[in-house]
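Below: one structure, written as structure tokens.
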Amino acid sequence: MTLDYDQTTAAVRLDQKQALIAAAYKAGAADEVGWLEWKSHLDLTDRRSFFTIAKAVLGFANRMPDRALRNAEGHGYLLVGVEPGQARGIEEIDSVELYRNLEGYLGSDIGRLCQPTVVPVDLGNGLVNVLLIDVEPPQWGDPIHVLRKGYHDVTAGAVFVRYDGRTERATPEDFDNLNERARRALQQVRLTATVLSGGPLHPVDQGLEAQESWLALETERCHASLHSPPPPASEGDHNTGAGSPAIANILAQVRPYSLGLNADPRSRDQYLRDVARHVEECEREIPRAVRRAAAIRMSPLILRVTNLTDLNLADVEIQLYIPGNVEAVHPRTPTANESLTGFPPPPKPFGTPATALFPFQPSIPQGLLLNGPIGRSPAYDPFRPDITNGGSTTIVFPLGHIRPRQHADSEDIVVILSAPAPSTITASWSATCSNHDVVITGSLELTVADSSLSLTDLFEETPHDNRG
Numbered sequence: 001m002t003l004d005y006d007q008t009t010a011a012v013r014l015d016q017k018q019a020l021i022a023a024a025y026k027a028g029a030a031d032e033v034g035w036l037e038w039k040s041h042l043d044l045t046d047r048r049s050f051f052t053i054a055k056a057v058l059g060f061a062n063r064m065p066d067r068a069l070r071n072a073e074g075h076g077y078l079l080v081g082v083e084p085g086q087a088r089g090i091e092e093i094d095s096v097e098l099y100r101n102l103e104g105y106l107g108s109d110i111g112r113l114c115q116p117t118v119v120p121v122d123l124g125n126g127l128v129n130v131l132l133i134d135v136e137p138p139q140w141g142d143p144i145h146v147l148r149k150g151y152h153d154v155t156a157g158a159v160f161v162r163y164d165g166r167t168e169r170a171t172p173e174d175f176d177n178l179n180e181r182a183r184r185a186l187q188q189v190r191l192t193a194t195v196l197s198g199g200p201l202h203p204v205d206q207g208l209e210a211q212e213s214w215l216a217l218e219t220e221r222c223h224a225s226l227h228s229p230p231p232p233a234s235e236g237d238h239n240t241g242a243g244s245p246a247i248a249n250i251l252a253q254v255r256p257y258s259l260g261l262n263a264d265p266r267s268r269d270q271y272l273r274d275v276a277r278h279v280e281e282c283e284r285e286i287p288r289a290v291r292r293a294a295a296i297r298m299s300p301l302i303l304r305v306t307n308l309t310d311l312n313l314a315d316v317e318i319q320l321y322i323p324g325n326v327e328a329v330h331p332r333t334p335t336a337n338e339s340l341t342g343f344p345p346p347p348k349p350f351g352t353p354a355t356a357l358f359p360f361q362p363s364i365p366q367g368l369l370l371n372g373p374i375g376r377s378p379a380y381d382p383f384r385p386d387i388t389n390g391g392s393t394t395i396v397f398p399l400g401h402i403r404p405r406q407h408a409d410s411e412d413i414v415v416i417l418s419a420p421a422p423s424t425i426t427a428s429w430s431a432t433c434s435n436h437d438v439v440i441t442g443s444l445e446l447t448v449a450d451s452s453l454s455l456t457d458l459f460e461e462t463p464h465d466n467r468g
């Protein structure tokens, strides 16, 4: 039977600890693993029980960090009072007495090694108390943890290590590994992450009132032609596709019989309906238009990651998490005549003459109309950030190799923050590299501009006639 617990997650909250105890209760006898051990019952008035607990704690504490991180975020757990199919619990014990007895075997830094907690849990037969001892994740640079006081034939200074399902005395190979772990104290990876450019962030007001304001402006622009006189008809206004005098004379003779084809065939009411449909389409497109315009117009965020050590760091990758109502997009450079927003084109102004009698306008299938010239797909970029949006945003920046005491700058990314927003946002980051088994973490304070951008500010860079 497989242990029914999310083994990637540490048991920190009470409900997580109860879930871990329930998983042990439902497990099979062979399901003890390298990060979890259980004891059905220990007499906490007996010295042997505290030696048994100390032995398990030392075994968890002497694991190698890279292996420990594979489960439960590096934590190790000893459960006392539960085993598969049985939950006897423990008798009530004073926490001071518990620490005092364990301290004899583990030393005065017991608090840095583990955290004992009595967890009440109901496994179907009434409430019982289970002792859960959470052993902190081992770190590179940790010393070898030894037994501080002997017990029977086990002398002080004994070293225990944890294998899958059991805790044993360390072998010579285990000592080699533990000595290597201790030596890595001189090789700890240290990085800093700072904002190189792109601050402060400018929030964008995307609220209902801001949307209605821009839609009203778009409606007003479309209605303007209702109050303007129709453009005067002239010989040069007709796109005939032929410039010879002979054809011009023929058209001049035919024009009186063209049944008003040179006038706008739309009525005023039909034009108003066309405008209303256009505005509705724009309203649906606002979220996408915000991302598109921001990618072109807003200043991108660039991070600088500095290697503070004398170590070579290979394949460095930093993951940035920005909380709040925020999303990120890749910046874009517009091509010639490209729409800033991608909104659908507005109806032709009211009064625009109908298409001429003999127009020549090459037709391009709609599926081939792209935002930019038709050509090759962009080449693969191994340093292109990966974006995950969903209320908040997570951005993964591949940085490549960083030499000792050198830095690497991330690719550009545009952060779109919705107004209202706080004056600063605390983002968190974590970094890894392929040649050191370590995760470095930190935080970034992202400043936010005092004033926000309206949709008009964001959308109205180019004249109305050039959109489409």
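Sequential numbering of the sequence shown, starting at 1, is according to UniProt numbering. No residue lacks a Cβ here, since even glycine has one placed at the ideal position from N, Cα and C. Note that this is a predicted model, so its numbers are computed, not measured.
Quiz item: Cβ of Ala421 within 7 Å of Cβ of Val448?
Solution: yes
Quiz prompt | Buried or exposed (CB count within 10 angstroms, at least 16 for buried), Gly74 | solution = With a 10 Å radius around the Cβ and a threshold of 16 neighbouring Cβ atoms, Gly74 comes out buried.
Quiz prompt | N- and C-terminal bounds of the beta strand (DSSP E) containing Asp437 | solution = 436–447
Quiz item: When DSSP labels each residue in this structure, what does Pro362 get in the three-state scheme?
Solution: Model confidence at Pro362 stands at a pLDDT of 47, short of 50, so the residue's coordinates are unreliable; what they give is reported in the following sentence. Pro362 carries a coil assignment under DSSP once its states are collapsed to helix, strand and coil.
Practice problem: Work out the CA separation of Leu272 and Glu218 for me, nearest whole Å. | Solution: For Glu218 and Leu272, the distance between alpha carbons rounds to 13 Å.
Practice problem: Determine the contact status of Asp164 and Val33, defining contact as a CB-CB distance below 7 Å. | Solution: Val33 sits close to Asp164, with the two beta carbons spaced by under 7 Å.
Quiz item: What is the DSSP secondary structure of Ile416, counted as helix, strand or coil?
Solution: strand
Self-check item: For Ser49, the first and last residue of its enclosing beta strand (DSSP E)
Solution: Premise fails: Ser49 lies in the alpha helix (DSSP H), 47–61, not in any beta strand (DSSP E).
Exercise. Report the option in Val329, Tyr321, Val279 whose CA atom is closest to the CA atom of Arg297.
Key: Val329
Practice problem: Use the C-beta contact count for Gly85: other C-beta atoms within 10 angstroms, 16 or more gives buried, fewer gives exposed. | Solution: exposed
Quiz item: In or out: Gly236 buried (at least 16 other Cβ within 10 Å) or exposed?
Solution: With a pLDDT of only 43 at Gly236, under the threshold of 50, the placement of this residue in the model should not be trusted, and no figure is reported.
Self-check item: Residue(s) in a DSSP beta bridge with Leu320
Solution: Ile395, Trp429
Quiz item: Alpha carbon to alpha carbon, how far is Gln406 from Asn312?
Solution: 10 Å
Quiz item: So what's Phe175 in DSSP terms, helix, strand or just coil?
Solution: helix
Quiz item: Just the Cα atoms here: how many angstroms apart are Ala170 and Arg48?
Solution: 20 Å
Self-check item: Beta-ladder partner(s) of Arg166, from DSSP
Solution: Paired residue(s): Tyr163.
Self-check item: Rounded C-alpha distance that separates Pro362 from Leu196
Solution: Caution is warranted here: a pLDDT of 47 is assigned to Pro362, below 50, making its placement in the model unreliable, and no coordinate value can be reported.
Quiz item: Between Leu78 and Trp140, what straight-line distance do the alpha-carbon atoms span, to the nearest angstrom?
Solution: 22 Å
Quiz item: At a cut of 8 Å, does the stretch 48–67 reach the stretch 18–27 through at least three beta carbon pairs?
Solution: no
Quiz prompt | Thr306 at chain B interface by Cβ criterion, 7 Å | solution = This model lacks chain B altogether, as it is built from one protein chain only.
Exercise. With a 10 Å radius around its C-beta and 16 neighbouring C-beta atoms as the bar for buried, classify Ala125 as buried or exposed.
Key: In the sequence on display, residue 125 carries Asn and not Ala. Asn125 should be labelled exposed.
Quiz item: Any chance the stretch 438–447 sits against the stretch 342–350, with 3 or more Cβ pairs inside 8 Å?
Solution: no
Quiz prompt | Beta-ladder partner(s) of Ser108, from DSSP | solution = Answer is none; Ser108 lacks a bridge partner.
Exercise. Could you have a look at Leu308 and say whether DSSP puts it in helix, strand or coil?
Key: coil
Self-check item: Own chain residues within Cβ distance below 6 Å of Gly375, not counting five before or after
Solution: At Gly375 the pLDDT is 42, less than 50, meaning the model places this residue with poor confidence and gives no usable figure here.
Quiz prompt | C-beta atoms of Asn129 and Phe50 nearer than 7 Å | solution = no
Exercise. Classify Leu453 as helix, strand or coil using the three-state DSSP reduction.
Key: strand
Quiz prompt | As assigned by DSSP and simplified to three states, the class of Ile219 | solution = Reading off the sequence, residue 219 comes out as Thr, not Ile. Here Thr219 sits in helix by DSSP.
Quiz item: Rounded to the nearest angstrom, how far is the Cβ of Asp176 from that of Ile302, given a contact under 8 Å?
Solution: With 8 Å as the limit, Asp176 and Ile302 do not qualify as a contact, their Cβ atoms being about 44 Å apart.
Quiz item: What residue range is occupied by the uninterrupted alpha helix (DSSP H) comprising Lys39?
Solution: First-last for Lys39: 36–39, but that is the beta strand (DSSP E), not the alpha helix (DSSP H).
Practice problem: Could you check what DSSP says for Tyr5 in three-state terms: helix, strand or coil? | Solution: coil
Quiz item: Would you say Pro120 and Ile133 are within 7 Å of each other, going by their C-beta atoms?
Solution: no
Quiz item: Near Tyr5, which residues of its chain fall below 7 Å by C-beta distance, leaving aside the five closest residues on each side in sequence?
Solution: Ala19, Leu20, Ala23
Quiz prompt | Outcome for Ser95 when other beta-carbon atoms lying within 10 angstroms are tallied against a minimum of 16 | solution = Exposed is the call here.
Quiz item: Under 7 Å between the Cβ atoms of Ser299 and Gly391?
Solution: no
Quiz item: Which value, in whole angstroms, describes the spacing of the CA atoms of Val414 and Arg292?
Solution: 11 Å
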